[in-house]
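Q:
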Ligand code: HEC
Ligand code: HEC
Ligand code: HEC
Ligand code: HEC
Ligand code: HEC
């Protein structure tokens, strides 16, 4: 039975295996775009897309190590799996049992897998030639196909962009709607249906999305006038265009959190009602699992704090129902979704502290909750840092 199943899955993986198109040396890294697109390259360097490679993000790296350890699969095969979205220009898209055996025996040094994983061409993570070399997004594919498995690439040296009339001396250009009128489609290639190895979907921003503004309007900022390239292409001039910022500011950027949620307090007899409103078109927290909101409630008597409680709004993951805690990627089950729904609200009811004359509530965000930070032994302060969102206070009766 097992053998038949293996054959079937092998067959399926051949049918759906992604096309690999090599990127020529002239286009591989962002440095080769600097001469004409310096502003964009510098903005992108600050983004977390630029940190999506194993070597550049401690959380990602330790998650891969953890998955490899717990599933007893080689580190490289997990790297290939996660590359689907984190490093989609990788030249190998799946690994098989024969590779696992070679890896255990230490015979994989010169293998295609080893070369693909360690290739300089992917060391920048989600760089220019990821987004700007996408030629087709297969919306008709089933939901589980993401990243590299959902797209087709342009030939090396052809850049997809938002303009219908762009000309460049360095590369060909091509216009697509997903760079222009319908950019969410591009974002959902990866920011949707992120699932564990057991099929548990722990993030699906496409499902959550309530419409209204597009992702780029907030995470690439409003359109403004500037040149797209400094090269004087048009009668000795560069065209002034509508451009956006390539910093993709998000959860790792403190200033983005200020007022991302709003807060209202009300006393109802001996209870305090805390209403948290989310006006964004997706849940908060969203995106990656194990993110956390902290609601800090401080009771005062006069100006003195007499009691503080912290409520954690996060999702916890287990390998089997009710069993050991784990990270999202290995989960079979998750606790109740505690996020504040898109364009919605959540009301928390807490018992008022006796003898308090007023209460002060502050909301913070953390990138990783205590459980997962401990499991992975994350060292950088970034992961435990509290990002301030908003606060409110109320006199109590
Ligand atoms: C995560 C996807 C993504 C990555 C990575 C990315 N871009 Fe873009 N880029 C876009 C989108 C989307 C637009 C269209 C923005 C709009 O006009 O709404 C765009 C627009 C542009 C434009 C047109 C002018 C402008 O600023 O809007 C240029 C030129 C460009 N990108 C170059 C680059 C270069 C060079 C890099 C690498 C340093 C890069 N892009 C990385 C998604 C990306
Ligand atoms: C020698 C100069 C030069 C270099 C080097 C260069 N570009 Fe361009 N690029 C241009 C010019 C000029 C335009 C057109 C600008 C305009 O029409 O306003 C352009 C336009 C673009 C666009 C928008 C295309 C469209 O149709 O909307 C993208 C995307 C882009 N470049 C990406 C890149 C990437 C990625 C690299 C590096 C691999 C790169 N470019 C290197 C000069 C250059
Ligand atoms: C090829 C897959 C892919 C595409 C396409 C893509 N992203 Fe991402 N994005 C990622 C990954 C992976 C990360 C996390 C990288 C890391 O943290 O190491 C990320 C991170 C981000 C972040 C930072 C989140 C944080 O936690 O700070 C924002 C914001 C973001 N993406 C917005 C966008 C938008 C907007 C688009 C569409 C224009 C887009 N992305 C397209 C894969 C992608
Ligand atoms: C109206 C503005 C707005 C729009 C539109 C929007 N976002 Fe956000 N997004 C925010 C704010 C505000 C936050 C919280 C602060 C931060 O992380 O930037 C956020 C957070 C995020 C995060 C981090 C989530 C977390 O809790 O850790 C990701 C990833 C993200 N957005 C991706 C997207 C994608 C993909 C889209 C398109 C479907 C999108 N956003 C549309 C405003 C917006
Ligand atoms: C379906 C596409 C997809 C696949 C496959 C994928 N990721 Fe991600 N991953 C993302 C996106 C998109 C983000 C950014 C979401 C956010 O920041 O909220 C992300 C963010 C992360 C983060 C958070 C990084 C940070 O800096 O906060 C970790 C850790 C992570 N992924 C681990 C993994 C591991 C391990 C694998 C392979 C087992 C993997 N991912 C496979 C799409 C994917």
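Residue numbers (our numbering): 423 to 819.
For glycine and all other residues, C-beta sits at the position ideal for the given N, C-alpha and C.
1. What ranges does the alpha helix (DSSP H) occupy inside the region 547 to 590, keeping only unbroken runs of at least 4 residues that lie completely in it?
2. Helix, strand or coil: how does DSSP classify residue 490 here?
3. Which same chain residues, not among the five before or five after residue 574, have their C-beta less than 7 angstroms away from its C-beta?
4. Measure how close the beta-carbons of residue 578 and residue 443 come, nearest whole angstrom, since I'm counting them as under 8 angstroms.
5. Which residues count as close to ligand 3 when the rule is a CB under 6 angstroms from any of its heavy atoms, in chain order?
6. Spatial neighbours of residue 581 within its chain, please: CB distance less than 6 angstroms, with the 5 preceding and 5 following residues excluded, ordered by chain position.
7. Alpha carbon to alpha carbon, how far is residue 491 from residue 547?
8. I believe residue 738 touches residue 747 by the beta-carbon criterion, under 8 angstroms. Please report the beta-carbon distance rounded to the nearest angstrom.
9. By the DSSP assignment, the beta strand (DSSP E) with residue 544 in it spans what residues?
10. Whole angstroms is fine: what's the gap from residue 756's alpha carbon to residue 571's?
11. Out of 784, 779, 771 and 749, which one is the CA nearest neighbour of residue 790?
12. What does DSSP give as the partner residue(s) for residue 663 in the beta ladder?
13. Which residue comes first and which comes last in the beta strand (DSSP E) that contains residue 597?
14. Under a Cβ-count criterion, where at least 16 other Cβ atoms within 10 Å of its own Cβ denotes burial, should residue 530 be classed as buried or exposed?
15. Look at residue 764 and residue 686 and say whether their C-beta atoms are less than 8 angstroms apart.
16. For residue 511, is the classification buried or exposed, using 16 other Cβ atoms within 10 angstroms of its Cβ as the cut-off for buried?
17. Can you find the residues in the same chain that come closer than 8 angstroms, C-beta to C-beta, to residue 561, ignoring five residues on each side of it along the sequence?
18. In whole angstroms, give me the CA-to-CA distance for residue 541 and residue 445.
19. Determine the direct distance from the alpha carbon of residue 614 to that of residue 676, and round the result to whole angstroms.
20. Using 8 angstroms as the threshold, is the region 463 to 472 in touch with the region 500 to 507, meaning 3 or more CB pairs across them?
21. Taking just the CA atoms, how far does residue 537 sit from residue 632?
22. Hey, residue 678 and residue 672: beta-carbon distance below 8 angstroms or not?
23. Given this structure, state the Cα-to-Cα distance separating residue 767 from residue 706, to the nearest angstrom.
24. Can you look up residue 702 in the DSSP assignment and give me helix, strand or coil?
25. Less than 8 angstroms between the CB atoms is what I'm expecting for residue 649 and residue 663, so what's the real figure, rounded?
26. So, using beta-carbon positions, are residue 495 and residue 522 closer together than 8 angstroms?
27. Within the chosen definition, does the region 690 to 699 reach the region 768 to 780 through at least 3 CB pairs nearer than 8 angstroms?
28. Tell me the rounded alpha-carbon separation between residue 698 and residue 483.
29. Are there any heavy atoms of ligand 1 lying less than 7 angstroms away from the beta-carbon of residue 634, as far as the coordinates show?
30. Helix, strand or coil: how does DSSP classify residue 512 here?
31. Which residue wins for smallest C-alpha separation from residue 798, given the options 475, 489 and 782?
32. So who's on the other strand from residue 815, going by DSSP bridges?
33. Hey, out of 807, 702 and 795, whose CA is closest to residue 787's CA?
34. From residue 780 to residue 499, what does the alpha carbon distance come to, in whole angstroms?
35. Take residue 617 as the anchor and find which of 674, 783 and 709 has the nearest alpha-carbon.
36. Could you please give the first and the last residue of the uninterrupted alpha helix (DSSP H) stretch that includes residue 443?
A: Let's see:
1. Segments of the alpha helix (DSSP H) lying fully in the region 547 to 590: 550 to 553.
2. On the chain shown, position 68 is the one that residue 490 refers to. Three-state result, residue 490: helix.
3. By 1-based counting over the chain shown, the position of residue 574 is 152. Contacts found: 441, 557 and 558.
4. Translated into the one-based positions of the chain shown, residue 578 becomes position 156. Translated into the one-based positions of the chain shown, residue 443 becomes position 21. About 7 angstroms separates the beta carbon of residue 578 from that of residue 443, a gap short enough to meet the 8 angstroms contact definition.
5. 470, 471, 473, 474, 479, 482, 507, 508, 510, 548, 552, 553, 569, 605, 608, 609, 611, 612, 613, 637, 638, 641, 670, 672, 673, 674 and 709
6. Position 159 of the chain shown holds residue 581. Excluding sequence neighbours, residue 581 sits near 554, 593 and 595.
7. Counting from one through the chain shown, the residue named residue 491 turns up at place 69. Counting from one through the chain shown, the residue named residue 547 turns up at place 125. Their Cα atoms are separated by approximately 23 angstroms.
8. Here residue 738 is taken as the residue at index 316 of the chain shown, counted from 1. Here residue 747 is taken as the residue at index 325 of the chain shown, counted from 1. Between residue 747 and residue 738 the Cβ distance is about 6 angstroms, and since that is below 8 angstroms, they are a contact.
9. Position 122 of the chain shown, counted from the first residue, corresponds to residue 544. Looking at the DSSP string, residue 544 is not in any beta strand (DSSP E), and its letter there is neither H nor E.
10. The residue given as residue 756 occupies position 334 in the chain shown. The residue given as residue 571 occupies position 149 in the chain shown. Those two C-alpha atoms are separated by around 26 angstroms.
11. Taking the first residue of the chain shown as position 1, residue 790 is located at position 368. For residue 790, the nearest C-alpha among the options comes from 749.
12. Here residue 663 refers to the residue found at position 241 when the chain shown is read from its first residue. Per DSSP, 648.
13. On the chain shown, residue 597 is found 175 positions in, with the first residue counted as 1. Start and end: 594 to 597.
14. As a first step, residue 530 must be located in the chain shown, where it is residue number 108. Classification for residue 530: buried.
15. The residue given as residue 764 occupies position 342 in the chain shown. The residue given as residue 686 occupies position 264 in the chain shown. No. Outside cutoff.
16. Taking the chain shown and counting its residues from 1, one reaches residue 511 at position 89. It counts as buried.
17. Within the chain shown, the letter at position 139 stands for residue 561. So the qualifying residues of the chain are 607.
18. For this step, residue 541 is matched to residue 119 along the chain shown. For this step, residue 445 is matched to residue 23 along the chain shown. For residue 541 and residue 445, the distance between alpha carbons rounds to 12 angstroms.
19. Start at 1 with the first residue of the chain shown, and residue 676 comes out as number 254. Start at 1 with the first residue of the chain shown, and residue 614 comes out as number 192. Each residue's Cα considered, the two are about 24 angstroms apart.
20. no
21. Stepping through the chain shown from its first residue, residue 632 is reached at position 210. Stepping through the chain shown from its first residue, residue 537 is reached at position 115. When the Cα atoms are used, residue 632 and residue 537 turn out to be separated by approximately 42 angstroms.
22. Within the chain shown, the letter at position 256 stands for residue 678. Within the chain shown, the letter at position 250 stands for residue 672. Yes, Cβ-Cβ distance for residue 678 and residue 672 is below 8 angstroms.
23. Here residue 767 refers to the residue found at position 345 when the chain shown is read from its first residue. Here residue 706 refers to the residue found at position 284 when the chain shown is read from its first residue. Between residue 767 and residue 706, the C-alpha separation is close to 10 angstroms.
24. Residue numbering aside, residue 702 sits at position 280 when the chain shown is read from its first letter. Of the three classes helix, strand and coil, the one that applies to residue 702 here is coil, per DSSP.
25. Taking the first residue of the chain shown as position 1, residue 649 is located at position 227. Taking the first residue of the chain shown as position 1, residue 663 is located at position 241. Contact between residue 649 and residue 663 holds: their C-beta atoms lie close to 7 angstroms from each other, under 8 angstroms.
26. Locating residue 495 in the chain shown gives position 73, counting from the first residue. Locating residue 522 in the chain shown gives position 100, counting from the first residue. Result yes, Cβ atoms of residue 495 and residue 522 sit closer than 8 angstroms.
27. yes
28. Here residue 698 corresponds to residue number 276 of the chain shown, with the count starting at 1. Here residue 483 corresponds to residue number 61 of the chain shown, with the count starting at 1. Residue 698 and residue 483: Cα-Cα distance of roughly 33 angstroms.
29. What you label residue 634 is simply residue 212 of the chain shown in a count that begins at 1. No, since every heavy atom of ligand 1 falls outside the 7 angstroms radius drawn around the Cβ of residue 634.
30. Numbered from its first residue, the chain shown carries residue 512 at position 90. Coil.
31. In the chain shown, counting from the first residue as 1, residue 798 sits at position 376. That would be 489, whose Cα lies nearest to the Cα of residue 798.
32. Working through the chain shown from its first residue, we reach residue 815 at position 393. Bridge partners of residue 815: 782.
33. Residue 787 sits at position 365 when you count from the first residue of the chain shown. Among 807, 702 and 795, the Cα nearest to that of residue 787 is on 807.
34. Looking up residue 780 in the chain shown gives position 358. Looking up residue 499 in the chain shown gives position 77. Going by the C-alpha atoms only, they are around 56 angstroms apart.
35. To locate residue 617, count along the chain shown from 1; it is residue 195. Residue 709 holds the alpha-carbon nearest to the alpha-carbon of residue 617 among 674, 783 and 709.
36. In the chain shown, the residue the question calls residue 443 occupies position 21. It is not in any alpha helix (DSSP H) - residue 443 carries neither H nor E in the DSSP assignment.
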